[in-house]
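Student: Order-wise, the sequence lines are chains S and G. First residue of the first sequence? That's 1 in the working numbering, and the numbers climb one at a time after it. First residue of the second sequence? That's 258 in the working numbering, and the numbers climb one at a time after it. Beta carbons are placed, not taken as given, at the ideal position from N, Cα and C, and that holds for glycine. Here the structure is a predicted model, which is why all the values come from computation and not from measurement. Let me begin by handing over the structure; questions about it come next.
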Amino acid sequence: MSVGEYIRNSQIWKSVFRHPAPTDRRNRVVVMLTNFFLHLHPVSIKQQGIALSYTWCMGGITFFLFLVEAITGVLLMFYYRPTLEWAFYDIQALRDVQTLGIMREIHRWGAHAMVITVWLHMYRVFLTGSYKPPREFNWVIGVLLLVLTLLLSFTGYLLPWDQLAIWAITVGSNMAKATPFLGVEGPGFQVFNTSGYELITNASDAKFLLLGGRFVGEATLNRFYILHCVAIPIVVSGLTAIHFWRIRKDGGISQPL
Amino acid sequence: MLNAHPDLTSSVLIGLGWYYLLLFLMNFVWTIRSYREDGEYANGLPRATGWATYSSILMMMSAYHFTYPPEGFLISLPEAFKAPFDRYFSNPVLYFFLTIVGLWALIALREWWTKPKVSFVLLNASLLFMGLSLTDFDFRQIVGKPDNVPIVAMLFILAFCTWISFRRAVDNDRRIAEGRPLFEQEDNEKVLVWPDLVYTELICMVVLTAVLIFWGIALKAPLEEPGSSVKTPNPSKAPWYFLGLQEMLVYFDPWLAGVVLPSIILGGLMAVPYIDFNKLGNGYYTFKQRSFAITTFLFGFLPLWVALIVLGTFLRGPNWNFFGIYEYWDVHKVEAANNINLSEFFWNGLGKGLPKGSGLNTILLREAPGILLILGYFMVLPPILGISVLRTYFVRMGVLRFLVFSNLILWMAILPIKMLLRWAFSLKYIVGIPEWFFNI
Ligand code: HEM
Numbered sequence: 001m002s003v004g005e006y007i008r009n010s011q012i013w014k015s016v017f018r019h020p021a022p023t024d025r026r027n028r029v030v031v032m033l034t035n036f037f038l039h040l041h042p043v044s045i046k047q048q049g050i051a052l053s054y055t056w057c058m059g060g061i062t063f064f065l066f067l068v069e070a071i072t073g074v075l076l077m078f079y080y081r082p083t084l085e086w087a088f089y090d091i092q093a094l095r096d097v098q099t100l101g102i103m104r105e106i107h108r109w110g111a112h113a114m115v116i117t118v119w120l121h122m123y124r125v126f127l128t129g130s131y132k133p134p135r136e137f138n139w140v141i142g143v144l145l146l147v148l149t150l151l152l153s154f155t156g157y158l159l160p161w162d163q164l165a166i167w168a169i170t171v172g173s174n175m176a177k178a179t180p181f182l183g184v185e186g187p188g189f190q191v192f193n194t195s196g197y198e199l200i201t202n203a204s205d206a207k208f209l210l211l212g213g214r215f216v217g218e219a220t221l222n223r224f225y226i227l228h229c230v231a232i233p234i235v236v237s238g239l240t241a242i243h244f245w246r247i248r249k250d251g252g253i254s255q256p257l
Numbered sequence: 258m259l260n261a262h263p264d265l266t267s268s269v270l271i272g273l274g275w276y277y278l279l280l281f282l283m284n285f286v287w288t289i290r291s292y293r294e295d296g297e298y299a300n301g302l303p304r305a306t307g308w309a310t311y312s313s314i315l316m317m318m319s320a321y322h323f324t325y326p327p328e329g330f331l332i333s334l335p336e337a338f339k340a341p342f343d344r345y346f347s348n349p350v351l352y353f354f355l356t357i358v359g360l361w362a363l364i365a366l367r368e369w370w371t372k373p374k375v376s377f378v379l380l381n382a383s384l385l386f387m388g389l390s391l392t393d394f395d396f397r398q399i400v401g402k403p404d405n406v407p408i409v410a411m412l413f414i415l416a417f418c419t420w421i422s423f424r425r426a427v428d429n430d431r432r433i434a435e436g437r438p439l440f441e442q443e444d445n446e447k448v449l450v451w452p453d454l455v456y457t458e459l460i461c462m463v464v465l466t467a468v469l470i471f472w473g474i475a476l477k478a479p480l481e482e483p484g485s486s487v488k489t490p491n492p493s494k495a496p497w498y499f500l501g502l503q504e505m506l507v508y509f510d511p512w513l514a515g516v517v518l519p520s521i522i523l524g525g526l527m528a529v530p531y532i533d534f535n536k537l538g539n540g541y542y543t544f545k546q547r548s549f550a551i552t553t554f555l556f557g558f559l560p561l562w563v564a565l566i567v568l569g570t571f572l573r574g575p576n577w578n579f580f581g582i583y584e585y586w587d588v589h590k591v592e593a594a595n596n597i598n599l600s601e602f603f604w605n606g607l608g609k610g611l612p613k614g615s616g617l618n619t620i621l622l623r624e625a626p627g628i629l630l631i632l633g634y635f636m637v638l639p640p641i642l643g644i645s646v647l648r649t650y651f652v653r654m655g656v657l658r659f660l661v662f663s664n665l666i667l668w669m670a671i672l673p674i675k676m677l678l679r680w681a682f683s684l685k686y687i688v689g690i691p692e693w694f695f696n697i
């Protein structure tokens, strides 16, 4: 008995993979049904639906990049402290000292790539008319995922706390100040400030809510850190699960009727 | 002159050497392909000869870059090209106009430019243009910024994706016209996901991982000085994917450019499946069956989103002034901005002068022309469109759907309209009520 065979016949192996290797038709079906990760997929699928020139694999790539971001992100969290005292220097150390410093590069380029692939995925879905019935609502979920991807990238942009970071966020968050009704420089906020009560001030408006302060400071760093590492990823994971589930329920990848 | 090109260092030349080497390899493969296609030497020179010559030139260029010192280096763009190029092309008007012409060409000439040969020549032209431009210091500064490299990559990938989709759409449109089955309907057997899909995915993941690691080693993530709230950089730019929105700030106040318009973009995107009543074109590439939907989407995505990001990233320098691609980002460049409100046009045109005062009625009177225009645009125009040009849409969509649809189209048009008004009449605000931060 060869070593490989010995391992494959051991009780441990068999307890993990409950069937022989997927080399024949039957086991290729079984593997799709019993493996947790593979059960995202159907057992069989139309050939044109998985053609690279049809889907460009862009949704899949986006998902893969999300996983890469999650893994590299966790590694980065081991090194990074979100305080004014340390944030910048921890990132600098990742560049100059830490062995796994390249995680930062992969995380940053992966994030840029994810923004690009999510656009291209939407582009493909539009051009193949795949948002048409019965897939309307999955398109809506997709748009939410698009927004969240941009927000993930935006909140992450602040964390290195260098000039690039704080000014990009300053420019971006200045928009919140102009929110109609809810920002101190937005049209209509005066309706809340009548008869002596000042409801909307620069310490209570939309920008303040976003930044946790009047300007980009320690509270902002904390807020963005939690949004970036905890809150948004959880929501994205949930929506992605629904997105995938619905692809199956809507009849798989779109096809000519 | 001792040093004609002070900015060309040997590391830049080596980099470009690799660039041309890759370009050579790409064309070498193409030459072989072309040679195969030529078949028998029937009449005249085989086509492959031309490609072979071009490839050899690329190879020699590559060798020249690897071996020659930067002093007196010959292959670079001459000032005589760069200066006029910057002078005549460096303004947002022409830029926007060209993107619109580009979109028109993309659609109207789709049968022509999607041919492999034509598109390969276009690809070569853009890569050569890029390579030659990289010999310019200022171009390198901006294109080579680590955070900007992905945008350049995106442009090429986007072009490739657009090419695939148009090519398949042209093919399918022809099939439909001839009554043949669609491309997606041929060879469309069911296959097992293991192995057909899972191996594709596996290979995809391995390649992507390799790309990311290579990218991470080749290009360091940027880290500037520690953040300081007193030293404002000029220009201060938002993250690159929001630069289209930042560019809109030139034409609209933040409440529109930064809050209302983005919300409408997102709401509009979500509404797409519910307002597109066309049942054709579901699950395959086509242009003819969905020409209106696709044209509208491309208009929003290419000139109004991607091109504005490129504009905001590569062409906007200090004080958000427009700079040519070879131009030095001079902080002191001044651009005269003498913009006038619609109310001033109107009341001064009547010879009366602006109504003065800060009371509610005076303000409303002063801005009445603009307010009426805006109300007319969003409230009177849709019904008029519904009973005239867009009558068929109105009939098929019903009232509510049509109102949402026409308002979304009008919102989309508001940016180009404001751009044109600004360029043609130096118009600042259509409605300008700074007292309430309400400027349109
Ligand atoms: C985090 C972001 C996203 C992930 C991970 C994701 C993932 C995927 C995957 C893996 C597929 C399978 C087919 C394919 O790969 O093309 C898919 C299909 C689909 N996606 Fe997404 N997607 C995302 C965002 C979006 C966005 C932004 C939209 C549109 C606005 C969208 C709309 C759709 C639709 C309608 C389908 C079904 C397409 C069909 O059946 O042909 N998704 N998505």
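1. Taking 7 Å as the cut-off, does the CB of Tyr131 (chain S) come closer than this to any heavy atom belonging to the ligand HEM?
2. Work out the CA separation of Glu336 (chain G) and Thr310 (chain G) for me, nearest whole Å.
3. Going by alpha carbons, who is nearest to Asp510 (chain G) out of S:Gly142, S:Val43, S:Thr179?
4. Helix, strand or coil: which one does DSSP assign to Gly238 (chain S)?
5. Decide if the stretch 525 to 542 of chain G is in contact with the stretch 686 to 696 of chain G; the criterion is three or more beta carbon pairs, one per stretch, under 8 Å apart.
6. For the putative contact between Met58 (chain S) and Val450 (chain G), defined by C-beta atoms under 8 Å, what is the C-beta separation to the nearest angstrom?
7. Since I believe Asn445 (chain G) is in contact with Gln98 (chain S) (beta carbons under 8 Å), could you give me their beta-carbon distance rounded to a whole number of angstroms?
8. Apart from the five residues on each side of it in sequence, which residues of its chain come closer than 8 Å, Cβ to Cβ, to Gly110 (chain S)?
9. Cβ atoms of Pro327 (chain G) and Ser267 (chain G): under 8 Å apart, would you say?
10. Can you name, in chain order, every residue of its own chain whose Cβ lies under 6 Å from the Cβ of Thr34 (chain S), other than the five neighbours on each side?
11. Between His589 (chain G) and the rest of its own chain, which residues show a CB-CB distance below 6 Å, the 5 nearest in sequence each way excluded?
12. Looking at Glu504 (chain G): is its Cβ nearer than 8 Å to the Cβ of Gly557 (chain G)?
13. Answer yes or no: does any C-beta atom of chain G fall closer than 8 Å to that of Ile45 (chain S)?
14. State buried or exposed for Val184 (chain S), treating a residue as buried only when at least 16 other CB atoms are found within 10 Å of its CB.
15. Could you check where the alpha helix (DSSP H) with Val125 (chain S) kicks off and where it finishes?
16. May I have the straight-line CA-CA distance separating Tyr131 (chain S) from Ala426 (chain G), to the nearest angstrom?
17. Please work out which residues of its chain come closer than 6 Å, Cβ to Cβ, to Met318 (chain G), disregarding the five sequence neighbours upstream and downstream, and give them in chain order.
18. Just to confirm my understanding: we take Trp420 (chain G), look at its own chain, exclude 5 residues before and 5 after, and list those with CB closer than 7 Å. What are they?
19. Is the beta carbon of Thr128 (chain S) sitting closer than 8 Å to the one on Ser254 (chain S)?
20. Below 7 Å on C-beta distance, what does Gly473 (chain G) contact in chain A?
21. DSSP has Pro483 (chain G) in a bridge; who is on the other side?
22. Hey, does Trp245 (chain S) have any beta-carbon neighbour from chain G nearer than 8 Å?
23. Which class does Ala261 (chain G) belong to by DSSP, given the choice of helix, strand or coil?
24. Taking beta-carbon pairs under 9 Å, can you tell me which members of the stretch 649 to 665 of chain G lie near chain S?
25. Quick one: what does DSSP say Arg437 (chain G) is sitting in, helix, strand or coil?
26. Taking the alpha-carbon of Pro160 (chain S) as reference, which of S:Ile141, S:Phe192, S:Ala113, S:Asp90 has the nearest alpha-carbon?
27. For Arg18 (chain S) and chain G, any beta-carbon pair shorter than 8 Å?
28. Name the chain S residues that come within less than 7 Å of Ala564 (chain G), Cβ to Cβ?
29. Sort out for me which residues DSSP pairs Trp44 (chain S) with in a bridge.
30. With three or more C-beta pairs closer than 8 Å as the rule, is the stretch 658 to 667 of chain G touching the stretch 561 to 579 of chain G?
31. For the stretch 130 to 210 of chain S, list the alpha helix (DSSP H) runs that are entirely contained and at least 4 residues long, ordered along the chain.
32. Quick test of the definition: if touching needs 3 or more C-beta pairs under 8 Å, does the stretch 404 to 423 of chain G touch the stretch 519 to 527 of chain G?
33. So if DSSP puts Leu684 (chain G) in a beta bridge, which residue, or which two residues, is it bridged to?
34. Just to confirm before moving on: does the CB-CB distance between Ile102 (chain S) and Gly627 (chain G) stay below 8 Å?
35. Which of the residues in the stretch 208 to 239 of chain S, read from start to end, lie with their CB under 9 Å from any CB of chain G?
36. Quick check: what's the CA-CA separation for Leu629 (chain G) versus Ser600 (chain G)?
Tutor: So, from the listed chains and residues:
1. yes
2. 28 Å
3. S:Thr179
4. helix
5. no
6. The pair is not a contact, with the Cβ atoms about 19 Å apart (cut-off 8 Å).
7. With 8 Å as the limit, Gln98 (chain S) and Asn445 (chain G) do not qualify as a contact, their Cβ atoms being about 51 Å apart.
8. Leu65, Val68, Glu69, Thr72
9. yes
10. Arg18
11. none
12. no
13. yes
14. buried
15. 102 to 127
16. 17 Å
17. Tyr277
18. Thr371, Ser376
19. yes
20. Although the question refers to chain A, the structure presented lacks it and instead comprises the protein chains S and G.
21. S:Asp162
22. no
23. Low local confidence applies: a pLDDT of 44 at Ala261 (chain G) is under 50, so the model's placement there is unreliable, with the coordinate-based value given in what follows. Ala261 (chain G) falls in the coil class under three-state DSSP.
24. none
25. coil
26. S:Asp90
27. no
28. Under the 7 Å cutoff, chain S gives no residues; its nearest Cβ is about 14 Å from Ala564 (chain G).
29. A quick correction: the sequence has Ser, not Trp, at residue 44 (chain S). Answer by DSSP bridge pairing, in chain order: G:Leu449.
30. no
31. 136 to 158, 163 to 174
32. no
33. G:Ile597
34. no
35. Phe215, Val216, Gly217
36. 12 Å
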